[in-house]
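Worksheet: the structure to be examined is printed underneath.
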Amino acid sequence: SQQGEEDPQALSIQEGENATMNCSYKTSINNLQWYRQNSGRGLVHLILIRSNEREKHSGRLRVTLDTSKKSSSLLITASRAADTASYFCATDAGVTGGGNKLTFGTGTQLKVEL
Amino acid sequence: ETGVTQSPTHLIKTRGQQVTLRCSSQSGHNTVSWYQQALGQGPQFIFQYYREEENGRGNFPPRFSGLQFPNYSSELNVNALELDDSALYLCASKGVRNEQFFGPGTRLTVL
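Written out as structure tokens, the structure reads:
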């Protein structure tokens, strides 16, 4: 089952604009990660934020985490056509046996138009 | 440093058959996970292997099984294929900060 949900399901913006995607989840977590997926192929790790962190930056990406609301947001500034992809949040809550199980949301499809 | 690779890229099987998918982890990564991604959905965790032992499993039946080898490469085996097993199967190796490095996936179609 999916842990979380991304909002919106689809987003279409013009190049140069900012894109904001939101993610909600249900259980306590160790960390939350954002991934990008192009055309149904492998996922690319973008950024990881730990449960004791509130905000993190990486290049044009800004991620916030509110554990009291069980929500996160991903902001992509000055978007480019190459940012067109599906974006997923994934929570890591650990798993019996000591492993790491990522639980993914349903994804946001971002389209950046020229 | 090589990335995660998977083979084959595409595979077509019929109901009831068995399939083996393969994955080579990123160099130096000893933990590998497998995920199933149905069309239009997020990936779902199947299981994880660490040093050749399964150390976590998602909500998948026993006909989904795996192996990890001493060189940290891995296999996913699925027996008695069902139509609903049609999906993209992703392998991922774990980095030092718990991020996952995903391979390009194997697209399995069950007819």
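Those protein sequences? They're chains A and B, same order as listed.
Start counting the first sequence at 7; every next residue gets the next number (the numbering used here).
Start counting the second sequence at 203; every next residue gets the next number (the numbering used here).
From the three backbone atoms N, C-alpha and C, an ideal C-beta is built for every residue, glycine too.
For G258/B, the closest alpha carbon among the candidates D98/A, S57/A, M27/A and F94/A is that of D98/A. Chain B has no Cβ within less than 8 Å of the Cβ of H63/A.
Each of C225/B, E284/B, L283/B and I248/B was checked against the Cα of T109/A, and the nearest Cα belongs to I248/B. Counting only residues of its own chain and dropping the five nearest sequence neighbours on each side, R217/B has a CB closer than 8 Å to the CB of L283, E284, L285, V312 and L313. The shortest C-alpha to C-alpha distance from S79/A to any of L120/A, A87/A, A96/A and E21/A is the one to A96/A.
Listed by position along chain B, the residues whose Cβ is nearer than 7 Å to that of D98/A are N300. Within chain A, the residues placing a beta-carbon under 8 Å from that of L292/B are G48 and L49, ordered along the chain. If you ignore the 5 residues before and after S64/A, its C-beta comes within less than 8 Å of the C-beta of L52 and I53, all in its own chain and listed in chain order. Among the CB atoms of chain A, one or more fall inside 8 Å of the CB of G307/B. Rounded to the nearest angstrom, the Cβ distance from V118/A to S85/A is 5 Å, consistent with a contact under 8 Å. Residue pairing by DSSP places F303/B opposite S295/B in a beta bridge.
Contact check for T83/A against N24/A passes: the beta carbons are separated by less than 8 Å. In its chain, beyond the 5 residues on either side, S30 have a beta carbon closer than 6 Å to the beta carbon of S77/A. L283/B sits in coil when the DSSP states are folded into three classes, being neither helix nor strand. Residue burial is scored here from C-beta neighbours: I214/B has fewer than 16 other C-beta atoms within 10 angstroms and is therefore classed as exposed. Boundaries of the beta strand (DSSP E) around K62/A: E61 to S64. Here N281/B is exposed, its C-beta having fewer than 16 other C-beta atoms within 10 Å. Taking all protein chains in view, the Cβ of Q239/B is crowded by 16 or more other Cβ atoms within 10 Å, so the residue is classified as buried. Distance from G244/B to G111/A at the Cβ level is roughly 5 Å; contact confirmed, criterion being Cβ atoms closer than 8 Å. For the set L120/A, K107/A and F94/A, the Cα lying nearest the Cα of L49/A is the one of F94/A. Within the region 18 to 51 of chain A, the residues whose Cβ lies closer than 8 Å to some Cβ of chain B are N36, N37, Q39, Y41, G46, R47, G48, L49, V50 and H51, listed in chain order.
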